[in-house]
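Here is the structure we will look at, set down as structure tokens.
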Amino acid sequence: MTPIRILILSTALAGIAGCDKADAPKAEETAEAPKTVEAEKTAETPPPAEPAAPAAEAQPFEARAKAAVGTLKKTLMGALQAAMKAGPGEAVTACNTKAPAITAAAAQAGVTVGRTSRKLRNPGNAPAPWLVPLLDEYARLPKDQAKPRVVDIEGGGKGYVEPLYVGGLCVTCHGAQEGLPPPVKDRLAALYPQDAAVGYAAGDFRGLIWATGQ
Ligand code: HEC
658 MTPIRILILS TALAGIAGCD KADAPKAEET AEAPKTVEAE KTAETPPPAE
708 PAAPAAEAQP FEARAKAAVG TLKKTLMGAL QAAMKAGPGE AVTACNTKAP
758 AITAAAAQAG VTVGRTSRKL RNPGNAPAPW LVPLLDEYAR LPKDQAKPRV
808 VDIEGGGKGY VEPLYVGGLC VTCHGAQEGL PPPVKDRLAA LYPQDAAVGY
858 AAGDFRGLIW ATGQ
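The numbering of the sequence shown is the numbering used here, which starts it at 658 and goes up by one.
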């Protein structure tokens with residue numbers, strides 16, 4: 658695959674991720690504050706200023722989870738696209754150094770996010786116990802039935818998951834071992850000696866992007 662072709666693919670993919678506009682309720686819809694007795698009494702003072710939009714933490718968990726997951730997808734895809742300009746081998750190194758920090762930075766409004774899989778590249782992405790049965794379940798589900806979901810986590814808190822599927826760009830680094838570009842193969846061997854995240858074809862279930870919070 659030529660770098661140009663990879664770039665076009667990645668741009669197309671980013672387009673798909675970009676369609677994922679947050680459908681969180683508008684802040685104004687929930688910002689109506691009940692009038693207080695105090696405000697009624699002091700009629701001559703000007704009405705209080707419009708209450709500020711509720712703090713991000715006041716949004717329902719699902720909205721906050723979707724927003725944080727959206728940030729993670731967008732930022733990772735942006736970093737991947739930028740890194741691909743220097744070639745797929747360089748991009749492996751860039752993912753290695755940047756993905757963990759990007760993932761940590763995408764946490765927002767009391768929500769932590771990450772990616773996981775049954776076939777891991779980075780052992781740091783190993784699934785928490787609540788994600789294990791979901792990985793198996795989504796692996797069996799046909800793609801058109803695999804919808805994002807909110808679950809209660811045993812022991813407290815809520816979890817949110819979205820399935821991730823392999824696209825054309827992804828096989829550059831997650832496809833069949835023998836088909837990987839040599840610079841990718843070399844970097845993967847050096848950086849991830851235990852790499853299990855290969856052998857995927859376009860359309861395969863790759864894993865989950867997740868969020869946790871209260
Ligand atoms: C340039 C090579 C490259 C490309 C292209 C690429 N990845 Fe990865 N991927 C990596 C590397 C390196 C890691 C490990 C980085 C980390 O999270 O620490 C990784 C990790 C992951 C993980 C986290 C689970 C794990 O195995 O550690 C998922 C999920 C994932 N990739 C999915 C995708 C998807 C989906 C695409 C296509 C949109 C894609 N990747 C494209 C190199 C790549």
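Yeah, the Cβ is synthetic: ideal placement off N, Cα and C, and Gly gets one too.
* A736 beta carbon less than 7 Å from that of K755 -> On the sequence shown, residue 755 is found 98 positions in, with the first residue counted as 1. On the sequence shown, residue 736 is found 79 positions in, with the first residue counted as 1. Cβ distance < 7 Å, so K755 and A736 count as in contact.
* Distance, Cα to Cα, E747 vs Q834? -> Start at 1 with the first residue of the sequence shown, and residue 747 comes out as number 90. Start at 1 with the first residue of the sequence shown, and residue 834 comes out as number 177. Going from the Cα of E747 to the Cα of Q834 covers about 18 Å.
* Asked: Can you list, in chain order, the residues of its chain whose CB lies under 7 Å from that of A764, leaving out five sequence neighbours each side?
  -> Mapped onto the sequence shown, residue 764 falls at position 107. Excluding sequence neighbours, A764 sits near A725 and V770.
* For L791, name the three-state secondary structure that DSSP assigns. => As a position in the sequence shown, residue 791 is number 134, starting the count at 1. Here L791 sits in helix by DSSP.
* Could you tell me if P820 is buried or exposed, where buried requires 16 or more neighbouring beta carbons within 10 angstroms of its beta carbon? => By 1-based counting over the sequence shown, the position of residue 820 is 163. Counting the other CB atoms within 10 Å of its CB gives P820 a total of 16 or more, which places it among the buried residues.
* To do: Excluding the 5 residues preceding and the 5 following A713 in the sequence, name in chain order all residues of the same chain whose CB lies nearer than 6 Å to its CB.
  => Here residue 713 refers to the residue found at position 56 of the sequence shown. Excluding sequence neighbours, A713 sits near A766.
* DSSP state of E835 mapped onto helix, strand, coil -> In the sequence shown, residue 835 corresponds to position 178, counting from 1. Helix.
* DSSP puts Y849 in a beta bridge; with which residues? -> Position 192 of the sequence shown holds residue 849. BP columns for Y849 are empty, so no partner.
* Specify, as a first and last residue, the run of the beta strand (DSSP E) that R863 falls within. => What you label residue 863 is simply residue 206 of the sequence shown in a count that begins at 1. It spans F862 to G870 - the beta strand (DSSP E) in which R863 sits, taken as one unbroken run.
* How big is the Cα-Cα spacing for L788 and Q802? -> Indexing the sequence shown from 1 puts residue 788 at position 131. Indexing the sequence shown from 1 puts residue 802 at position 145. Their backbone Cα atoms lie some 18 Å apart in a straight line.
* Coil, strand or helix - L821 by DSSP -> Within the sequence shown, residue 821 is the residue found at index 164, counting from 1. Correct three-state label for L821: strand.
* Limits of the unbroken alpha helix (DSSP H) element including R721 -> Start at 1 with the first residue of the sequence shown, and residue 721 comes out as number 64. Element bounds for R721: F718 to M741.
* Asked: What first and last residue would you give for the alpha helix (DSSP H) that runs through G746?
  -> Position 89 of the sequence shown, counting from 1, holds the residue named residue 746. From DSSP, the alpha helix (DSSP H) with G746 extends over P745 to A762.
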